[in-house]
Amino acid sequence: MQIFISHSSADAEAAANICETLERHGSKCFIAPRDIRSGSEYAEELLDGIDHSVAMILLMSENANHSPHVLREVERAVSKGIPILVYKLEEVTLTKSMEYFLMTHQWINARSDDSFVDILRFADDLQKKAAAAEPACAGEQSYADAHTTTTGHVKNRRRTMAVCGLLLAVLAAAGTFIAIHNSRNSLINTIAAGDTILFGSYNGEPISWRVLKITDDKKHAVLISADILTMKAYDAPEGGRFNWYNSVDYWSQESEADTDLNLQILVRGNNIWSASNIRTWLNSTGEVVTYTDQPPHAAAMAEHKNGYEKEAGFLHDFTAEELAAITETENVTKSNFLFDAATITTTDLVYLLSLEELQWFDEAGISKYACPTDAAAEQDESCWWLLDYNTFHVEESCWWLREPVDGTSSKCYLVNNGYTEELLRQENAGLEGFGIRPAITVDLRRLPQ
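Just so you know, we're using our numbering here: the sequence shown kicks off at 262 and counts up by one.
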């Protein structure tokens with residue numbers, strides 16, 4: 262029986278002391294970086310550590326409160342139904358994201374004598390109750406057997422009711438802090454702009470969303486992924502090769518492709534949202550996505566990286582219940598000079614934001630900057646984000662908007678990574694190293710429990 266210790270790296274000494282105390286008294290712990298196996302993927306090891314734990318002890322401090330890595334660990338535990346015991350190292354005012362997952366008034370305060378008596382009492386009771394419950398669980402499938410491995414990620418397929426009941430009883434008896442997300446319905450009336458919710462999945466992992474906007478009737482909300490989920494080109498050049506067509510090289514700073522709008526689409530990609538590869542992919546539920554124009558092959562991209570023509574649609578892993586909670590959104594997006602109309606209207610389940618819609622971040626009190634998930638960073642063959650991270654220590658990445666740049670047929674706006682004071686940048690649609698932050702509109706009444 263394993264306990265996961267979640268902490269900020271700044272609180273490593275306190276976490277190590279708790280770990281040592283628990284293990285000296287017979288409780289197995291998982292703590293990073295100690296238990297990360299050499300040569301293994303760091304993020305995958307953390308997920309496995311949480312999935313194989315029966316409880317999490319969260320060391321709460323200002324550092325942990327504002328740590329995106331700690332938040333991801335908490336989100337993972339909540340999504341797996343793993344109870345969380347919060348050990349408060351100092352007085353904190355929870356961020357909205359933390360408050361969403363840790364909504365309660367009861368805490369365990371750190372003791373001045375470092376005896377960790379409350380934690381030891383909790384672990385001792387946990388061991389005793391587990392031993393007492395073992396015969397009743399003998400006929401159940403084991404926790405390890407209830408897991409299967411898919412694309413390198415360990416997924417929890419089943420947790421017995423006996424174990425869940427045991428943990429609830431132990432935590433309640435110990436008077437400890439419990440943060441278990443059993444029902445979304447109980448939170449619908451309290452969801453506010455700026456909150457974080459888990460909904461749907463991508464690459465086998467639950468997606469964390471920020472609430473950008475709520476309708477006046479409180480029935481619908483616009484959500485945007487809290488993190489950058491993947492790095493992809495907005496649209497592949499229609500000629501099938503970036504800056505090259507009919508044996509002519511258009512890589513030079515000044516070329517015909519800079520002024521010929523039709524040629525721009527052929528060699529640099531189309532900035533029209535309605536016709537883009539990324540819109541087709543985002544709105545597809547299929548295992549195989551059908552593209553009506555040039556598919557997003559890696560060979561068509563600027564550096565021949567991050568092709569996604571063989572990847573299942575973004576909505577492929579959403580359940581029927583989750584898909585039913587997503588409402589169609591009518592989006593009005595600017596067109597380019599090749600169209601007679603100034604705007605094009607589309608109906609989307611999933612979409613990227615426009616320039617005008619960026620104001621929703623300010624109204625919700627949310628930062629516009631975002632980091633890629635560990636999976637997105639690992640998936641990125643272009644390594645553009647990694648280069649900025651290693652060179653400038655910038656954790657955030659640029660992410661696409663659906664807004665075309667005036668006077669072009671191939672450039673779109675992106676939100677910058679925060680390294681400079683410029684919020685926006687402009688890039689050609691066929692560049693493959695920039696982030697995707699999907700947005701959706703959901704019916705709050707239909708959110709799955």
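We treat Cβ as the ideally placed atom computed from N, Cα and C, and that holds for glycine.
- By the neighbour-count criterion, in which a residue is buried when 16 or more other Cβ atoms sit within 10 angstroms of its Cβ, Glu-548 is exposed.
- Residue state for Tyr-552 is assigned as coil, using DSSP reduced to three classes.
- Shown here for Ser-462: same chain residues with a beta carbon closer than 8 angstroms to its own, the five before and five after excluded, namely Ile-468, Asp-578, Phe-579 in chain order.
- Judged by DSSP in its simplified three-state form, Asp-623 adopts helix.
- Scanning the stretch 598–647 from its first residue to its last, the whole alpha helix (DSSP H) runs of 4-plus residues come out as 620–625, 635–640.
- In terms of Cβ geometry, Ala-497 and His-558 form a close pair [threshold 8 angstroms].
- Bridge pairing for His-481: Asp-704 [DSSP].
- Note on Gln-514: under 16 other CB atoms within 10 angstroms of its CB, so exposed under the neighbour-count rule.
- For the pair of segments examined, the stretch 285–305 was found not to touch the stretch 348–365: the number of CB pairs separated by less than 8 angstroms stays below three.
- Taking 8 angstroms as the cut-off, the beta carbon of Thr-702 is found no closer than this to the beta carbon of Val-550.
- Secondary structure note for Ser-267: its beta strand (DSSP E) is the uninterrupted segment 263–267.
- When only Cα atoms are considered, Ile-485 and His-286 end up about 44 angstroms apart.
- Shown here, Gly-310 sits in a helix according to DSSP, grouped into three states.
- Just so you know, the alpha carbons of Asn-523 and Asp-609 end up roughly 26 angstroms apart.
- For Pro-699, same chain residues with a beta-carbon under 8 angstroms away, outside a window of 5 residues either side, are Ile-485, Ser-486, Leu-490, Leu-543, Phe-575, Val-611, Tyr-612, Leu-613 in chain order.
- Residue environment: Glu-334 is assigned as buried (16 or more neighbouring CB atoms within 10 Å of its CB, all protein chains considered).
- Boundaries of the beta strand (DSSP E) around Gln-687: 685–689.
- Under DSSP, Cys-290 forms a beta bridge with Ile-264.
- Annotated three-state conformation of Val-528 is helix, per DSSP.
- Residue state for Arg-540 is assigned as helix, using DSSP reduced to three classes.
- Measuring C-alpha to C-alpha distances from Glu-589 to each of Lys-479, Thr-607, Ala-560 identifies Thr-607 as the nearest.
- Beta-carbon to beta-carbon, Leu-473 and Ala-625 are separated by about 5 angstroms, close enough to satisfy the 8 angstroms threshold.
- Cβ-Cβ separation between Leu-320 and His-481: approximately 37 angstroms, too far for a contact (criterion under 8 angstroms).
- According to the DSSP assignment, Ala-273 belongs to the alpha helix (DSSP H) that extends over 273–285.
- Spatial neighbours of Asp-641 in its own chain (CB-CB distance under 6 angstroms, excluding positions within 5 residues in sequence) are listed in chain order as Met-492.
- The criterion of a C-beta distance shorter than 8 angstroms is not satisfied by Val-331 and Ser-288.
- The residue among Leu-616, Ala-631, Ala-316, Glu-306 with its C-alpha nearest the C-alpha of Lys-341 is Ala-316.
- Nearest to Asp-554 by C-alpha distance, out of Glu-564, Gly-568, Ala-536, is Ala-536.
- Under the three-state reduction of DSSP, Asp-578 is assigned to coil, being neither helix nor strand.
- C-alpha of Trp-470 to C-alpha of Asn-507: approximately 44 angstroms in a straight line.
- The C-alpha of Glu-639 is placed about 35 angstroms away from the C-alpha of Ser-516.
- Per the C-alpha coordinates, the member of Thr-541, Ile-526, Ile-627, Trp-512 positioned closest to Asn-597 is Ile-526.
- Look at Trp-534 here: in three-state DSSP terms it is helix.
- In this structure, Glu-683 and Asn-677 form a Cβ contact; the two beta carbons are roughly 6 angstroms apart against a cut-off of 8 angstroms.
- The beta carbon of Ile-627 lies closer than 6 angstroms to those of Gly-455, Arg-471 in the same chain, with the five residues before and after it left out.
- For Leu-708, the closest C-alpha among the options Thr-634, Ala-271, Glu-583, Lys-629 is that of Glu-583.
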